[in-house]
Amino acid sequence: MSQAPKRLGFLAMRKSIFIVSAIIFVLAFSVFFLSQRNSNRYCLWQPNLRKTFNVYPGIMPGVSGNGRFYTNSYGIRADEFTRWQRYRVLTLGGSTTECLYIDQQKSWPYILQKELNNYYVFPVWVGNIGKSGLSTKGNLLELRYLLPEYPKVDLIIALVGFNDFQIELGGIRLANERKSKEEQEDIVFAVYPGKKRRTVQELIKELLSGVRPDKSGIIEDEAGKWYLGARGGRRNARQILDELPDLSSALIQYEKNLNSIIDIAKNGSSRIIFLTQPFIWHKGLTEAEQQLLWCGFSNQEGVYYSLDALNRGMVAFNQKLMEVCEKRGIECIDVERMLPKNSSVFYDDVHFNESGCELIAAILYDYLIKHPSIEGSY
1 MSQAPKRLGF LAMRKSIFIV SAIIFVLAFS VFFLSQRNSN RYCLWQPNLR KTFNVYPGIM
61 PGVSGNGRFY TNSYGIRADE FTRWQRYRVL TLGGSTTECL YIDQQKSWPY ILQKELNNYY
121 VFPVWVGNIG KSGLSTKGNL LELRYLLPEY PKVDLIIALV GFNDFQIELG GIRLANERKS
181 KEEQEDIVFA VYPGKKRRTV QELIKELLSG VRPDKSGIIE DEAGKWYLGA RGGRRNARQI
241 LDELPDLSSA LIQYEKNLNS IIDIAKNGSS RIIFLTQPFI WHKGLTEAEQ QLLWCGFSNQ
301 EGVYYSLDAL NRGMVAFNQK LMEVCEKRGI ECIDVERMLP KNSSVFYDDV HFNESGCELI
361 AAILYDYLIK HPSIEGSY
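Here the sequence shown stands for residues 1 to 378, numbered as in my numbering.
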């Protein structure tokens with residue numbers, strides 16, 4: 001009699017182990033199947049990604065609460081495509097388009113979608129393919145490989161220039177240009193044809209260990225604490241330079257990339273609107289606002305560029321953008337001149353807080369209503 005309970009307990013435990021093992025195998029096989037299905041196309045982010053950023057208090061003035069980041073089945077930070085959408089807008093750029101730490105519904109692309117849908121009688125879709133660190137070289141790869149994957153995109157809004165400028169200051173532009181096709185794709189895309197895939201066995205091992213590598217392409221610091229170190233680097237700089245390096249070759253490459261982006265948009269019959277890059281740099285910043293800065297680093301450790309130098313450099317890139325747009329007959333909104341240069345708009349050198357996102361969306365909404373390419377308002 002005493003052996004019966006032990007026997008039953010052993011059988012129950014073995015049954016539980018079997019069930020858990022089966023669940024782990026099914027989960028691993030499901031992830032493997034989905035990765036196989038997506039591996040023959042390009043995706044900026046992992047499809048159907050869900051992530052929440054719990055921003056560390058006080059790091060980003062004007063950013064409140066937790067920031068939700070989610071992607072659709074195409075790996076776009078956006079709602080799903082539907083056949084009822086009559087007009088589709090794609091926002092392009094680096095981190096100032098991406099709005100990584102801003103809640104999805106408070107990012108300027110999403111606010112723009114909401115306002116356009118309030119105005120038009122039919123559904124308007126706005127998707128966000130901005131990604132931190134991407135220069136126009138990376139944006140060019142995005143359009144080249146992503147547009148053929150998507151339903152027709154009617155309008156592209158491109159907020160570009162800052163990363164092209166900072167990459168030149170940091171002395172890494174030429175190294176980036178020498179990267180192989182696979183290296184470039186690995187920087188831009190979370191999923192692309194030929195990307196190394198994990199086996200079912202590897203997935204089972206990851207699930208059992210409780211450790212899974214971040215394949216989303218999103219930085220690991222979900223609280224944004226890395227800003228503390230980055231700002232400390234500028235605050236404790238051993239040297240501040242007022243003289244910029246020669247930007248001529250970088251501006252020539254920038255112009256080439258812009259023209260290639262325009263060509264891709266035109267070949268796809270997409271309207272394209274460029275935005276100049278806003279920034280906070282000027283000599284009248286308060287002490288508190290200066291403590292928010294971290295950009296403008298050079299290729300030498302501990303050496304940064306002055307606010308005046310950064311202002312002049314970004315103006316040069318914005319001017320080149322406007323020149324290219326004028327030559328090509330392309331629309332360009334000089335938003336840099338339309339925004340206040342203070343912490344009511346920015347939480348650091350160039351990134352918008354929630355109020356800044358609202359202002360950018362309002363400027364774009366007003367422009368698109370006044371210069372429509374579609375009809376059908378309420």
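Even for Gly, the Cβ is constructed at its ideal location relative to N, Cα and C.
Which residue comes first and which comes last in the alpha helix (DSSP H) that contains residue i?
i: glutamine 455; result: Residue 455 lies beyond the residue range present for the chain, which begins at 1 and ends at 378; the question has no answer from this structure.
i: arginine 144; result: 136-146
i: arginine 231; result: 226-235
i: isoleucine 167; result: 162-169
i: leucine 251; result: 248-267
i: glycine 356; result: 354-370
i: leucine 116; result: 108-119
Judging by CA-CA distance, which residue of the options is the nearest neighbour of residue i?
i: arginine 399; options: Lys327, Glu358, Lys320 and Asp263; result: Any question about residue 399 goes unanswered here, given that the chain covers just 1 to 378.
i: lysine 152; options: Asn117, Gln166 and Gly127; result: Gly127
i: glutamine 239; options: Ala265, Arg50, Asp186 and Leu307; result: Leu307
i: alanine 410; options: Lys137, Tyr365, Trp108 and Ala230; result: No answer is possible for residue 410: the residues shown for the chain start at 1 and end at 378.
i: asparagine 342; options: Asp334, Ile280, Cys332 and Val303; result: Ile280
i: proline 61; options: Phe122, Leu292, Arg337 and Ile333; result: Leu292
i: glycine 268; options: Gly329, Leu146, Asn299 and Ala288; result: Leu146
i: asparagine 163; options: Ser132, Ile59 and Glu255; result: Ser132
i: alanine 223; options: Ser373, Asn48, Gly67 and Arg50; result: Gly67
i: glutamine 300; options: Leu90, Leu285 and Pro245; result: Pro245
i: lysine 266; options: Asn139, Ser135, Lys179 and Arg328; result: Arg328
i: lysine 51; options: Ile369, Pro57, Gly58 and Arg77; result: Arg77
i: glutamate 255; options: Glu326, Lys283 and Arg178; result: Glu326
i: leucine 134; options: Asp366, Glu177, Glu287 and Tyr150; result: Glu177
i: valine 55; options: Lys225, Ile333 and Ser298; result: Lys225
i: threonine 82; options: Tyr150, Glu183, Ser180 and Tyr305; result: Tyr150
i: phenylalanine 69; options: Trp84, Gln85 and Lys106; result: Lys106
Are the CB atoms of residue i and residue j nearer to each other than 8 Å?
i: glycine 313; j: leucine 241; result: no
i: alanine 316; j: leucine 251; result: yes
i: valine 63; j: glutamate 358; result: no
i: glycine 380; j: asparagine 318; result: Limits of the chain in this structure are 1 at one end and 378 at the other, which puts residue 380 out of reach.
i: leucine 364; j: isoleucine 157; result: yes
i: valine 124; j: tyrosine 87; result: yes
i: alanine 237; j: valine 303; result: yes
i: leucine 155; j: serine 260; result: no
i: leucine 141; j: threonine 97; result: no
i: asparagine 139; j: leucine 92; result: yes
i: isoleucine 369; j: tyrosine 110; result: no
i: serine 95; j: glycine 58; result: no
Between which two residues does the beta strand (DSSP E) carrying residue i extend?
i: glutamate 331; result: 331-333
i: tryptophan 125; result: 124-128
i: threonine 52; result: 50-53
i: phenylalanine 274; result: 271-275
i: phenylalanine 69; result: 67-70
i: threonine 91; result: 87-93
i: alanine 158; result: 155-159
In chain order, what residues of the same chain lie with their CB nearer than 6 Å to the CB of residue i, ignoring the 5 residues before and after it?
i: isoleucine 219; result: Unreliable positioning characterises isoleucine 219 in this predicted model, as indicated by a pLDDT of 47, which lies under 50. A coordinate reading is not provided.
i: glutamate 80; result: Asn72
i: glutamate 331; result: Ile273
i: glutamine 36; result: At glutamine 36, the pLDDT of 49 sits below 50, so the modelled position is not reliable; the number obtained from the coordinates is stated separately. Cβ within range, chain order: n/a, list empty.
i: proline 278; result: Val335, Glu336 and Leu339
i: phenylalanine 53; result: Gly67, Tyr101 and Glu222
i: glutamate 289; result: Ser343
i: glutamate 185; result: Tyr192
i: tyrosine 305; result: Leu241 and Gly296
i: glutamate 115; result: Tyr365
i: isoleucine 374; result: Tyr87
i: alanine 362; result: none
Might you give, ordered along the chain, the residues of its own chain that have their beta carbon closer than 8 Å to the beta carbon of residue i, omitting 5 neighbours on each side?
i: tryptophan 294; result: Tyr227, Ala230, Arg231, Gly233, Arg234, Asp348 and Asp349
i: proline 47; result: Leu34, Asn38, Thr71, Asn72, Ser73, Tyr74, Gly75 and Val191
i: arginine 337; result: Thr276
i: alanine 309; result: Leu241, Asp242, Glu243, Leu244 and Gly296
i: isoleucine 17; result: Its pLDDT being 47, under 50, isoleucine 17 is placed unreliably by the model, and nothing is read from it.
i: asparagine 311; result: Phe279, Trp281 and His282
i: histidine 371; result: Glu331
i: glutamate 182; result: Gly194
i: lysine 179; result: Ile187
Quick one: residues in its chain with C-beta nearer than 7 Å to the C-beta of residue i, no 5 flanking neighbours on either side, listed in chain order?
i: isoleucine 360; result: Trp108, Val335 and Phe352
i: glutamine 166; result: Cys295
i: serine 209; result: With a pLDDT of only 41 at serine 209, under 50, the local geometry of the prediction cannot be trusted, and the value read off the model is given with reservation. Here the set comprises nothing.
i: valine 20; result: Any reading at valine 20 must be qualified, since the residue scores a pLDDT of 44, below 50, and its modelled position is unreliable; no value is offered.
i: asparagine 117; result: Pro123 and Val124
Considering only heavy atoms of the ligand NAD, does any lie closer than 7 Å to the CB of residue i?
i: phenylalanine 297; result: This structure lacks the ligand NAD, and indeed carries no ligand of any kind.
Less than 8 Å between CB atoms is the rule here; does residue i satisfy it with respect to chain C?
i: isoleucine 129; result: Looking at the structure shown, chain C is missing, and only one protein chain is on hand.
(request) State whether the region 271-284 contacts the region 316-327, with contact taken as three or more CB pairs (one from each stretch) at a distance under 8 Å. (result) yes
(request) Take every Cβ of the region 166-180, pair it with every Cβ of the region 102-119, and state whether three or more of those distances are shorter than 8 Å. (result) no
(message) Count Cβ pairs between the region 43-55 and the region 178-190 that sit closer than 8 Å; are there 3 or more?
(response) yes
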